[in-house]
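Chains as they are written, first to last, in this note's numbering: chain A, 15 to 212; chain B, 15 to 212.
No residue lacks a Cβ here, since even glycine has one placed at the ideal position from N, Cα and C.
As structure tokens, the structure follows; a few thoughts come after it.
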């Protein structure tokens, strides 16, 4: 007999794999149960709806990004170096929790009402980490003039594309992707741009 | 009586709006018909399946991106300026065809078999425009050292996030977004980065 917590974890893992492969809408509670070798009805002992499961997966993913990146923002490093660390941490969360990250990006809009607002607040809280680091970097003269709000949105727009194309068995590992993202987003493409690392 | 071509256009528009709002999987042919005030059955005089409609929307979106950006790559402008024009053209296609762009990003993976491969080829052909401009810019010493393949992937990853957050009635217009994307992706964030425009 699998205990309740373990079973819940199995449900989130199975649901996350199915949502990321086929989409939230196309996955039924019955599909999740089948993946675990259970009857659809017995899943309802653990969850009350498919949206419950989606909400849990999305909140966990949001928490994972925040937990990985927030502590870095306390460091006293130069802004570009700090942001490089933040990009590495973000990419690390994506590649270590790929199906959760896919669901987070792809399906969070399927949540409704207060839950959608809660996730929007989590997303904005995460973006605020980047916004504050950019604003602080501007204040110290370490960044070129820019709008911290728009720039943090664009930066996360770039990073948030990753779950859609990252191939766990592909030629690119997390460090290579993070380094190249950081080079592009922090240093740009011009021949005479500064590099934040030698 | 609406003629066949007009009716088909109406179908693509209605489907595109529904797919972008609710997702492809959650939208039925009946939903598309209802949006047009038709019986589900009568839609099948114009289309043979929901996947037909998705495929047409995705291919049109891919064509729109290619048609807007490809001619620019023939210009003799400095690489960073050329890429800024390409970014503007890409953002323009997104904001002028937002529901198509959303469906293109969100739902193309729901295509199967040869159609998915065809769309993959279209996507790669589009990315190749950026790849070739980057490679040419490197050869002319106008860009810092980078891997053109990975860099074009990262650049499009960034731009492809836009349909998910662009608000047609929001505070940001296409030019502001494109300018800031270009600043970020071409010039980076560092205080002493070059600017490709004064």
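Helix, strand or coil: which one does DSSP assign to residue 176 of chain A?
Three-state DSSP puts residue 176 of chain A in a helix.
Can the beta-carbon of residue 68 of chain B be found less than 8 Å from the beta-carbon of residue 46 of chain B?
Not closer than 8 Å, so no.
For residue 3 of chain B, decide whether its Cβ has a neighbour in chain A, counting only Cβ atoms nearer than 8 Å.
What is shown of chain B runs 15 to 212, which leaves residue 3 of chain B out entirely.
For a contact meaning CB atoms closer than 8 Å, what does residue 165 of chain A contact in chain B?
Under the 8 Å cutoff, chain B gives 194, 198 and 203.
Do residue 195 of chain B and residue 101 of chain B have their C-beta atoms within less than 8 Å of each other?
Yes. Within cutoff.
Straight-line gap, residue 130 of chain B to residue 52 of chain B (C-alpha atoms, nearest Å):
Spanning the two alpha carbons is a distance of roughly 29 Å.
Nearest CA to the CA of residue 159 of chain B: which residue from A:126, A:202 and A:165?
Across the set A:126, A:202 and A:165, the C-alpha of A:202 shows the shortest separation from the C-alpha of residue 159 of chain B.
For the structure I just gave you, are there three or more beta carbon pairs, one from the segment 135 to 153 of chain A and one from the segment 54 to 61 of chain A, closer than 8 Å?
No, the segment 135 to 153 of chain A is not in contact with the segment 54 to 61 of chain A.
Cβ pair residue 119 of chain A, residue 37 of chain A closer than 8 Å
Contact flag unset, no.
In terms of residue numbering, what span does the alpha helix (DSSP H) encompassing residue 76 of chain B cover?
Where residue 76 of chain B is concerned, the enclosing alpha helix (DSSP H) stretches over 64 to 83.
Kindly indicate the opening and closing residues of the alpha helix (DSSP H) around residue 137 of chain B.
127 to 153 is the extent of the alpha helix (DSSP H) around residue 137 of chain B.
Along the chain, where does the alpha helix (DSSP H) containing residue 23 of chain B start, and where does it finish?
DSSP places residue 23 of chain B inside the alpha helix (DSSP H), whose first and last residues are 18 to 36.
Is the beta carbon of residue 162 of chain B sitting closer than 8 Å to the one on residue 152 of chain B?
Yes, the Cβ-Cβ distance between residue 162 of chain B and residue 152 of chain B is below 8 Å.
Return the CA-CA distance between residue 212 of chain A and residue 197 of chain A, expressed in angstroms with no decimal places.
With a pLDDT of 43 at residue 212 of chain A, under the threshold of 50, the modelled position of that residue is not reliable, and the figure given next carries that caveat. Each residue's alpha carbon lies about 11 Å from the other.
Is residue 78 of chain B near the ligand FMN, judged by its Cβ being under 7 Å from some heavy atom?
Of ligands this structure carries none, so the ligand FMN is not represented either.
Local Cβ density within 10 Å of residue 146 of chain A, reported as buried at 16 or more and exposed below that
Of the residues assessed, residue 146 of chain A falls on the exposed side of the cut-off, its CB having fewer than 16 other CB atoms within 10 angstroms.
Checking contacts by CB at 8 Å: is residue 158 of chain A closer than that to chain B?
The beta-carbon of residue 158 of chain A is placed less than 8 Å from the nearest beta-carbon of chain B.
Establish whether the CB of residue 39 of chain B and some CB of chain A are separated by less than 8 Å.
Chain A contact via Cβ: present.
Give me the Cα-Cα distance between residue 98 of chain A and residue 199 of chain A, rounded to the nearest whole angstrom.
In this structure, the alpha-carbon of residue 98 of chain A lies about 9 Å from that of residue 199 of chain A.
Three Cβ pairs or more, each shorter than 8 Å: is that satisfied between the segment 184 to 192 of chain B and the segment 21 to 29 of chain B?
Output reads no: the segment 21 to 29 of chain B does not touch the segment 184 to 192 of chain B.
If you follow the alpha helix (DSSP H) that residue 46 of chain B is in, where does it begin and where does it stop?
Counting along the chain, residue 46 of chain B sits inside the alpha helix (DSSP H) bounded by residues 43 to 49.
Would you mind reading off the limits of the alpha helix (DSSP H) that contains residue 189 of chain B?
For residue 189 of chain B, the enclosing alpha helix (DSSP H) has its first and last residue at 188 to 196.
What does the Cβ neighbour count give for residue 111 of chain B, buried or exposed, with the cut at 16 atoms within 10 Å?
A residue is called buried once 16 or more other Cβ atoms fall within 10 Å of its Cβ, and residue 111 of chain B is buried on that count.
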